[in-house]
Amino acid sequence: AERVSWGMHSVGQASVGATLGVLLYVWNTRTPQCVVVLETLLVLPGGIALLLNDPLRPEWALPAADHPGYQDNLLAWFLWGAALQVLATVLLLRHFCVLGILA
(Lines of atoms letter the chains of each structure in order from A; the text may use other names.)
(Lines give C-alpha, C1' and ligand atoms only; values in the text may rest on other atoms or scores of the structure.)
Protein backbone atom coordinates (compact mmCIF):
# COMPACT_ATOMS: atom_id res chain seq x y z
CA ALA A 157 0.00 0.00 0.00
CA GLU A 158 2.84 2.40 0.75
CA ARG A 159 4.34 1.99 -2.73
CA VAL A 160 0.98 3.00 -4.22
CA SER A 161 0.71 6.04 -1.97
CA TRP A 162 4.27 7.05 -2.87
CA GLY A 163 3.41 6.82 -6.57
CA MET A 164 5.78 3.94 -7.36
CA HIS A 165 3.00 1.54 -8.41
CA SER A 166 -0.60 1.80 -9.53
CA VAL A 167 -3.47 0.18 -7.67
CA GLY A 168 -3.72 -2.39 -10.48
CA GLN A 169 -0.07 -3.39 -10.12
CA ALA A 170 -0.43 -3.75 -6.35
CA SER A 171 -3.63 -5.79 -6.75
CA VAL A 172 -2.11 -8.13 -9.33
CA GLY A 173 1.02 -8.57 -7.19
CA ALA A 174 -1.03 -9.46 -4.12
CA THR A 175 -3.22 -11.85 -6.11
CA LEU A 176 -0.19 -13.60 -7.61
CA GLY A 177 1.32 -13.90 -4.13
CA VAL A 178 -1.82 -15.62 -2.83
CA LEU A 179 -2.00 -17.94 -5.86
CA LEU A 180 1.68 -18.90 -5.52
CA TYR A 181 1.21 -19.57 -1.81
CA VAL A 182 -1.76 -21.85 -2.51
CA TRP A 183 0.16 -23.59 -5.33
CA ASN A 184 3.29 -24.16 -3.21
CA THR A 185 1.44 -25.42 -0.15
CA ARG A 186 -1.18 -27.63 -1.83
CA THR A 187 0.67 -29.46 -4.62
CA PRO A 188 2.57 -32.74 -4.12
CA GLN A 189 6.31 -32.42 -3.61
CA CYS A 190 7.10 -34.40 -6.76
CA VAL A 191 5.67 -31.48 -8.75
CA VAL A 192 8.72 -29.41 -7.72
CA VAL A 193 10.95 -31.58 -9.93
CA LEU A 194 8.52 -31.29 -12.86
CA GLU A 195 8.24 -27.54 -12.31
CA THR A 196 12.02 -27.19 -12.40
CA LEU A 197 12.22 -29.15 -15.64
CA LEU A 198 9.71 -26.74 -17.19
CA VAL A 199 10.75 -23.40 -15.66
CA LEU A 200 14.48 -23.49 -16.38
CA PRO A 201 14.30 -24.20 -20.15
CA GLY A 202 11.31 -21.88 -20.46
CA GLY A 203 13.14 -19.03 -18.78
CA ILE A 204 16.25 -19.56 -20.87
CA ALA A 205 14.12 -19.60 -24.04
CA LEU A 206 12.47 -16.36 -22.94
CA LEU A 207 15.86 -14.75 -22.33
CA LEU A 208 17.20 -15.91 -25.70
CA ASN A 209 14.05 -14.77 -27.51
CA ASP A 210 15.09 -11.11 -27.31
CA PRO A 211 18.58 -10.89 -25.77
CA LEU A 212 19.16 -7.22 -26.65
CA ARG A 213 16.41 -5.81 -24.46
CA PRO A 214 17.80 -3.64 -21.65
CA GLU A 215 15.80 -5.57 -19.04
CA TRP A 216 18.00 -8.63 -19.66
CA ALA A 217 21.29 -6.76 -19.38
CA LEU A 218 23.77 -7.34 -16.60
CA PRO A 219 24.32 -4.35 -14.32
CA ALA A 220 26.47 -1.78 -16.08
CA ALA A 221 29.48 0.06 -14.69
CA ASP A 222 27.40 3.20 -14.18
CA HIS A 223 24.91 1.22 -12.03
CA PRO A 224 27.14 -1.22 -10.11
CA GLY A 225 24.52 -2.13 -7.50
CA TYR A 226 21.57 -2.09 -9.88
CA GLN A 227 19.92 -5.51 -9.78
CA ASP A 228 16.45 -4.55 -10.99
CA ASN A 229 16.55 -6.48 -14.25
CA LEU A 230 14.94 -9.69 -15.45
CA LEU A 231 18.20 -11.58 -15.89
CA ALA A 232 19.18 -11.06 -12.25
CA TRP A 233 15.73 -12.07 -11.04
CA PHE A 234 15.69 -15.14 -13.31
CA LEU A 235 19.12 -16.28 -12.08
CA TRP A 236 18.07 -15.78 -8.46
CA GLY A 237 14.84 -17.73 -8.98
CA ALA A 238 16.56 -20.48 -10.97
CA ALA A 239 19.15 -20.96 -8.22
CA LEU A 240 16.45 -21.30 -5.57
CA GLN A 241 14.44 -23.66 -7.80
CA VAL A 242 17.47 -25.91 -8.31
CA LEU A 243 18.25 -25.79 -4.57
CA ALA A 244 14.70 -26.86 -3.71
CA THR A 245 14.85 -29.70 -6.23
CA VAL A 246 18.22 -30.97 -5.00
CA LEU A 247 17.12 -30.87 -1.36
CA LEU A 248 13.87 -32.66 -2.20
CA LEU A 249 15.63 -35.38 -4.19
CA ARG A 250 18.20 -35.78 -1.40
CA HIS A 251 15.39 -36.17 1.12
CA PHE A 252 13.73 -38.90 -0.95
CA CYS A 253 17.07 -40.67 -1.46
CA VAL A 254 17.74 -40.70 2.30
CA LEU A 255 14.29 -42.19 2.88
CA GLY A 256 15.09 -44.89 0.33
CA ILE A 257 12.25 -43.92 -2.00
CA LEU A 258 14.54 -43.07 -4.94
CA ALA A 259 17.29 -45.56 -4.12
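Quick note, the sequence shown lines up with residues 157 to 259 if you use my numbering.
From the three backbone atoms N, C-alpha and C, an ideal C-beta is built for every residue, glycine too.
Exercise. Can you tell me where the alpha helix (DSSP H) with tryptophan 183 in it begins and where it stops?
Worked result: Residues 167–186.
Exercise. Skipping 5 residues on each side, what residues in its chain have a beta carbon closer than 6 angstroms to that of isoleucine 204?
Worked result: Closer than 6 angstroms at Cβ, skipping near neighbours: no residue.
For this session: Report back the beta-carbon spacing between threonine 245 and valine 193 to the nearest angstrom; my notes put them in contact at under 8 angstroms.
Result: Contact flag correct, Cβ pair sits at about 6 angstroms.
Problem set entry | Near the ligand MG: valine 192 beta-carbon under 8 angstroms from a heavy atom | By its list of ligands, the structure shown contains no ligand whatsoever, and the ligand MG lies outside what it can speak to.
Exercise. Which one of Gly163, Cys190, Ala170 and Asn184 has the shortest CA to CA distance from isoleucine 257?
Worked result: Cα-wise, what sits closest to isoleucine 257 is Cys190.
For this session: Please report the Cβ distance between leucine 247 and leucine 231, rounded to the nearest whole angstrom; I am assuming they are in contact, meaning their Cβ atoms lie under 8 angstroms.
Result: In this structure, leucine 247 and leucine 231 do not form a Cβ contact; the two beta carbons are roughly 25 angstroms apart against a cut-off of 8 angstroms.
For this session: State yes or no: is the C-beta of threonine 196 within less than 9 angstroms of the C-beta of valine 242?
Result: The beta carbons of threonine 196 and valine 242 sit closer together than 9 angstroms.
Exercise. Are histidine 165 and glycine 173 closer than 9 angstroms when you measure CB to CB?
Worked result: Yes, the Cβ-Cβ distance between histidine 165 and glycine 173 is below 9 angstroms.
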